[in-house]
Amino acid sequence: MTTYSHSRLSTFEQCKYKYKLQYIDKAKVDTPTTIEAFMGDLVHRTLEKLYNDLKFQKLNELNELLNFFNQTWEKEYTDVILIAKSQYTAENYREMGIKYITDYYNQYHPFNQLTILGLETQDRLTLPDGNQYHVRIDKLACKDTTYYVCDYKTNSRMKDQEEADEDRQLAMYSIWVKDKFKDAKKVILLWHMLAFNKEAVSERTEELLKKLQEETFELIKEVEACKEFPTNVTKLCDYCVFKSMCPSFKHESELEEKQPKEFKEDEGVQFVDKYTKLQEEKKQIETELEQLKELMVQFAAQKGLDVIYGSNKKASVKAYDKVIYPENKEEFITLLKGRGLYEEFSMVCYAKLNSAILKENIDKEIIEKTTKDKDFRISISKRNETEE
Ligand code: SF4
Numbered sequence: 005m006t007t008y009s010h011s012r013l014s015t016f017e018q019c020k021y022k023y024k025l026q027y028i029d030k031a032k033v034d035t036p037t038t039i040e041a042f043m044g045d046l047v048h049r050t051l052e053k054l055y056n057d058l059k060f061q062k063l064n065e066l067n068e069l070l071n072f073f074n075q076t077w078e079k080e081y082t083d084v085i086l087i088a089k090s091q092y093t094a095e096n097y098r099e100m101g102i103k104y105i106t107d108y109y110n111q112y113h114p115f116n117q118l119t120i121l122g123l124e125t126q127d128r129l130t131l132p133d134g135n136q137y138h139v140r141i142d143k144l145a146c147k148d149t150t151y152y153v154c155d156y157k158t159n160s161r162m163k164d165q166e167e168a169d170e171d172r173q174l175a176m177y178s179i180w181v182k183d184k185f186k187d188a189k190k191v192i193l194l195w196h197m198l199a200f201n202k203e204a205v206s207e208r209t210e211e212l213l214k215k216l217q218e219e220t221f222e223l224i225k226e227v228e229a230c231k232e233f234p235t236n237v238t239k240l241c242d243y244c245v246f247k248s249m250c251p252s253f254k255h256e257s258e259l260e261e262k263q264p265k266e267f268k269e270d271e272g273v274q275f276v277d278k279y280t281k282l283q284e285e286k287k288q289i290e291t292e293l294e295q296l297k298e299l300m301v302q303f304a305a306q307k308g309l310d311v312i313y314g315s316n317k318k319a320s321v322k323a324y325d326k327v328i329y330p331e332n333k334e335e336f337i338t339l340l341k342g343r344g345l346y347e348e349f350s351m352v353c354y355a356k357l358n359s360a361i362l363k364e365n366i367d368k369e370i371i372e373k374t375t376k377d378k379d380f381r382i383s384i385s386k387r388n389e390t391e392e
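If you read the sequence shown in this note's numbering, its first letter stands for residue 5, the second for the next number, and so on.
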């Protein structure tokens, strides 16, 4: 039995290789976290302190909270924390954290709008398959029989309504709330979008929650059946703490350690440089061949020839009839089908068939007639771009 969490499932959806490193291999990293996660965690802890102290009738002044935030920052910040946006410094992020706490404090002071039931809850929701789902709610609160599952978000992008209504994390937690608190007539999902000093709110019907639970269950089945863990290079890789271990970036990390001379001598650099050069030459040669072909056709026509002689070889220049099909392909295919000719002249679409066989989305007998093997494709792209 495994305990799944929102971040575990999101990691699987984002990149299966990262999932393997983080949750299966439990790989150790030199970069402990990103600056966004570090700042976000400290903001969470500061707001947790605010509400924890309130339980003891202690209302912190804003500067007490900011002192806590700043002192903890000083104590815990290290230079190995990953700052992906190199145009900004750690100090910029610290200032952002201060602003988020200040805005929140001024907006909700004296913090008596709701009754706080739990902070950073640590509980488990048992799923129908026996697996567990980790429930960690930043702030669980209520007003009469309306419950609020609140999450602090330090993202610099505002959550729109569609995203809020599709979010899995808080909706899964609301299933737990309904199960745990029998008087809960309504469960509101509430995100404090701290960068905007705004709230994003969503509510789910029983039907939507059931659907969500089924989808989560299906995703967990996919995770458990997963045998291959390929990388998935996206913009999010800039924030991945496993980058130096990742097959898509390991070579780049090794190169960063090298001096210019060693860099040029690296076997991999030489392979890619030569491959790129040859590809460019091939493209150039193909263009020149096309131009030359046209000149040879003109030459043959002017001289009344159908063979042109070179030093050791000769070139035959023969006209042939070619068919130009109508632009509207679908209409033409319908015509062929209508005349009962389609089967005779159509071909198997191997790209589609390959995909169906690999995904086992086709008759078993067809799959059993085939075998699988590995092949390689080399795609060239700029170093800071995803593959073409
Ligand atoms: S760097 Fe990107 S591709 Fe590599 S493990 Fe991390 S998320 Fe996956």
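Here a beta-carbon is modelled for each residue, glycine too, at the ideal position from N, C-alpha and C.
Fair warning: this is a prediction, and the values are worked out from it, not measured in the lab.
State yes or no: is the C-beta of residue i within less than 7 Å of the C-beta of residue j?
i: residue 146; j: residue 174; result: no
i: residue 38; j: residue 86; result: yes
i: residue 194; j: residue 205; result: yes
i: residue 126; j: residue 201; result: no
i: residue 103; j: residue 149; result: no
i: residue 81; j: residue 235; result: no
i: residue 301; j: residue 310; result: no
i: residue 50; j: residue 105; result: yes
i: residue 135; j: residue 15; result: no
i: residue 73; j: residue 46; result: yes
i: residue 77; j: residue 139; result: no
i: residue 52; j: residue 99; result: no
i: residue 401; j: residue 108; result: Residue coverage of the chain in this structure runs from 5 to 392, which leaves residue 401 outside it and unanswerable.
State the beta-bridge partners of residue i as determined by DSSP.
i: residue 144; result: 122 and 153
i: residue 374; result: Looking at the DSSP assignment, residue 374 forms no beta bridge with any residue, so it has no partner.
i: residue 127; result: 139
i: residue 178; result: BP columns for residue 178 are empty, so no partner.
i: residue 318; result: 313
i: residue 25; result: BP columns for residue 25 are empty, so no partner.
i: residue 38; result: 86
i: residue 7; result: 136
If you draw a straight line from the alpha carbon of residue i to that of residue j, how long is it in whole angstroms?
i: residue 376; j: residue 230; result: 17 Å
i: residue 239; j: residue 89; result: 12 Å
i: residue 217; j: residue 176; result: 7 Å
i: residue 392; j: residue 356; result: Confidence is the limiting factor: at residue 392 the pLDDT is only 43, short of 50, which leaves the residue's position unreliable and the question unanswerable from this model.
i: residue 334; j: residue 364; result: 29 Å
i: residue 338; j: residue 324; result: 28 Å
i: residue 29; j: residue 332; result: 53 Å
i: residue 130; j: residue 13; result: 16 Å
i: residue 289; j: residue 306; result: 25 Å
i: residue 56; j: residue 166; result: 33 Å
i: residue 58; j: residue 11; result: 29 Å
i: residue 156; j: residue 222; result: 28 Å
i: residue 350; j: residue 326; result: 18 Å
i: residue 24; j: residue 83; result: 27 Å
i: residue 344; j: residue 287; result: 41 Å
i: residue 159; j: residue 207; result: 21 Å
i: residue 152; j: residue 246; result: 35 Å
i: residue 143; j: residue 154; result: 5 Å
i: residue 44; j: residue 97; result: 9 Å
i: residue 317; j: residue 244; result: 58 Å
i: residue 242; j: residue 281; result: 28 Å
i: residue 291; j: residue 314; result: 21 Å
i: residue 187; j: residue 137; result: 22 Å
i: residue 359; j: residue 353; result: 10 Å
i: residue 382; j: residue 283; result: 11 Å
i: residue 295; j: residue 253; result: 41 Å
i: residue 101; j: residue 161; result: 15 Å
i: residue 329; j: residue 260; result: 53 Å
i: residue 63; j: residue 169; result: 34 Å
i: residue 225; j: residue 268; result: 47 Å
i: residue 249; j: residue 347; result: 50 Å
i: residue 41; j: residue 95; result: 15 Å
i: residue 92; j: residue 79; result: 21 Å
i: residue 263; j: residue 19; result: 32 Å
i: residue 379; j: residue 32; result: 31 Å
i: residue 141; j: residue 9; result: 12 Å
i: residue 373; j: residue 362; result: 13 Å
i: residue 277; j: residue 386; result: 12 Å
i: residue 275; j: residue 251; result: 17 Å
i: residue 368; j: residue 219; result: 26 Å
i: residue 27; j: residue 128; result: 18 Å
i: residue 213; j: residue 233; result: 29 Å
Nearer than 6 Å: is that true of the beta carbon of residue i relative to any heavy atom of the ligand GDP?
i: residue 310; result: By its list of ligands, the structure shown excludes the ligand GDP, since it contains just the ligand SF4.
Item to check | Segments of 4+ residues assigned as alpha helix (DSSP H) that fall wholly inside the stretch 190-246 | outcome: 210-229
Checklist entry - When a residue counts only if its C-beta is closer than 7 Å to some heavy atom of the ligand SF4, which residues count, in chain order? => result 18, 19, 21, 22, 25, 235, 236, 237, 238, 240, 241, 244, 246, 247, 250, 252 and 253
Next on the checklist: Could you tell me which whole alpha helix (DSSP H) segments of length 4 or greater appear in the stretch 270-344?
Outcome noted: 271-307 and 333-342
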